[in-house]
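When we follow our numbering, the leftmost residue of the sequence shown carries the number 8, and every step to the right adds one. Worksheet: one structure, shown below.
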Amino acid sequence: MLDWSDSEKCLLLSVLLSVYMLFYLAWHLVTAFFTDFGAQYISPAGARQFTGVLLFNVIGYLVMIAWAAVLRKKRRQSRLFVHCFVQFFGVSFLLLGLMLGLYSPITGMVLLGSPLVGFILFGFRPVVWSFTVSTLMVLLLAWLSASGYDIYALYFRADPTAKDSLSYYWIASTVAFSVPFVTAVLTLVSLLLRRWVHREAQVRAMAVQDPLTGLANRRALFDQFAHEIARARRAGEDLSVCVLDLDHFKQINDRHGHAAGDTVLVRVAERLRQTLRETDRIGRIGGEEFVLVLPATGRMGAKNVVERCRAALYDTPIVLDDGTALTVSASFGVVVAAPGMEATASQLVSQADEALYQAKQRGRNRVEFWSAVTSATA
């Protein structure tokens with residue numbers, strides 16, 4: 008529902024509330040004119056007034072349904088409609104409270120539950136005005152009632168909740184009309200909160216994931232990288248870093264299109280994930296360039312892991328959606344950070360990038376390790 012327009016939200020709520028008011032009207036007509044409870048507790052004038060209130064509410068929500076349907080058909084939005092709906096909602100239940108008693112459970116539940124749902128669905132401004140007006144009206148009516156004005160629970164001639172005239176029929180009726188409202192509020196709030204949690208998870212994933220391959224993006228990878236560097240220093244372990252770049256990737260885009268290039272990147276990411284160990288980190292830092300972080304891995308271990316990755320890419324062609332098979336290779340530059348080596352994540356990636364350049368210069372589809380001597384010579 009969070010993705011719906013305000014008019015669509017109002018339309019749904021108007022349908023539900025019109026049905027709710029119709030049930031209330033049916034209960035009232037049966038109770039007031041065909042039960043002993045009606046003869047004992049309900050005043051004739053109150054019955055007529057309550058009939059008018061319920062008809063007013065039903066007609067009002069039907070008007071809201073028609074208005075929302077017109078807006079939906081014309082694909083238009085109207086702030087006026089939203090404000091009118093929210094205000095009418097407050098008026099309709101305020102009238103119920105006036106007829107049944109401001110201290111009735113339904114009045115309390117509406118005052119507590121409706122603002123919560125309203126703030127979630129429609130935002131702060133449309134709801135706070137209605138809530139403020141309704142609260143002030145409730146306080147005014149309560150003050151008038153306490154001052155001696157005969158305006159409390161106009162529906163009744165006798166209090167069905169008094170100790171000496173307690174009516175279980177009224178208690179059961181109150182529960183029957185309260186449970187659907189409470190259930191609807193709790194269900195709606197639960198669904199909306201779940202939707203919020205799902206959205207937050209999506210936003211969080213977008214902030215740390217490469218949208219194409221699902222790998223960690225540069226920001227997330229470097230956060231993981233910094234953690235692995237700190238852990239390697241504490242444990243006194245080697246840490247290997249590899250930068251790999253797909254060979255002749257521009258030719259794939261030029262010959263087969265960017266969609267084919269995207270497919271290749273996705274397949275490469277899948278193969279690298281399948282080849283790496285559970286403790287290894289992988290991310291895409293841009294274009295056709297990937298970074299591997301290999302914790303607790305020295306030169307020999309890094310050579311074995313990276314060679315497996317190179318073979319996994321080169322030995323099995325990647326099949327495009329149109330059936331075209333492409334042989335894809337990559338060049339790999341690796342740097343091994345010894346326990347006593349003081350280097351940041353950016354410095355290690357830069358050194359691995361230098362080794363990658365050597366791999367490109369020496370024929371591509373190969374693995375080269377960075378060394379201080381080679382770097383100084385270059």
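C-beta: ideal position from N, C-alpha, C; glycine also. Quick caveat, the model's predicted, so the values are computed rather than measured.
Note that the C-beta distance between residue 334 and residue 324 is below 9 angstroms.
Along the region 180-250, the alpha helix (DSSP H) occurs as fully enclosed runs of 4 or more residues at 225-242, listed in sequence order. Going by C-alpha positions, residue 375 is about 10 angstroms away from residue 368. Residue 125: member of the alpha helix (DSSP H) spanning 112-129, first to last residue.
Under the 8 angstroms Cβ criterion, the region 40-48 counts as touching the region 176-187, having at least three qualifying pairs. For the 9 angstroms CB-CB criterion, residue 222 and residue 269 do not form a contact. Close CB contacts of residue 39 within its chain, under the 6 angstroms cut and outside five residues either way in sequence, are with 45, 49, 54 (chain order). Taking a 10 Å sphere around the C-beta of residue 171, we find fewer than 16 other C-beta atoms and assign the residue as exposed. When the alpha-carbon of residue 138 is set against those of 235, 167, 92, the nearest one is in 92. Between residue 247 and residue 308, the C-beta spacing is below 9 angstroms. Closest in alpha carbon position to residue 81, among 136, 157, 12, is 12.
Contact check for residue 298 against residue 249 passes: the beta carbons are separated by less than 9 angstroms.
Boundaries of the alpha helix (DSSP H) harbouring residue 59: 51-81, taken from the DSSP string. Residue range 86-107 is occupied by the alpha helix (DSSP H) that includes residue 101, with no beta strand (DSSP E) assigned at that position. Contact between the region 157-175 and the region 54-73 is present: 3 or more CB-CB pairs across the two stretches fall below 8 angstroms.
For residue 158, the secondary structure class from DSSP, reduced to helix, strand or coil, is coil. Each residue's CA atom was taken as its position, placing residue 165 and residue 104 some 16 angstroms apart.
Annotated as distal: residue 23 and residue 127, with beta-carbon spacing of 9 angstroms or more. For residue 169, the three-state secondary structure derived from DSSP is coil. Excluding its 5 nearest sequence neighbours in each direction, residue 28 has C-beta neighbours in its own chain below 8 angstroms: 61, 64, 65, 68, 99, listed in chain order. For residue 360, same chain residues with a beta-carbon under 8 angstroms away, outside a window of 5 residues either side, are 250, 340 in chain order.
If the five residues before and after residue 84 are omitted, its C-beta is found closer than 8 angstroms to the C-beta atoms of 12, 13, 14, 78, all from its own chain and listed in chain order. For residue 124, the CB contacts under 7 angstroms within the same chain, skipping 5 residues up- and downstream, are 192, 195, 196 in chain order. Rounded to whole angstroms, the gap between the alpha carbons of residue 187 and residue 122 is 17 angstroms. Burial check for residue 274: the Cβ neighbour count within 10 Å reaches 16 or more, so the residue is buried.
Pairing residue 144 with residue 156, the inter-Cα distance amounts to about 15 angstroms.
Taking C-beta separations shorter than 7 angstroms and ignoring five residues to either side along the sequence, the partners of residue 259 in its chain run 267, 268, 271, 333, following chain order. The Cβ atoms of residue 256 and residue 294 sit closer than 9 angstroms to each other. Taking every protein chain shown into account, the CB of residue 130 has fewer than 16 other CB atoms within 10 angstroms, so this residue is exposed.
With contacts defined by Cβ atoms closer than 9 angstroms, residue 282 and residue 242 do not form a contacting pair.
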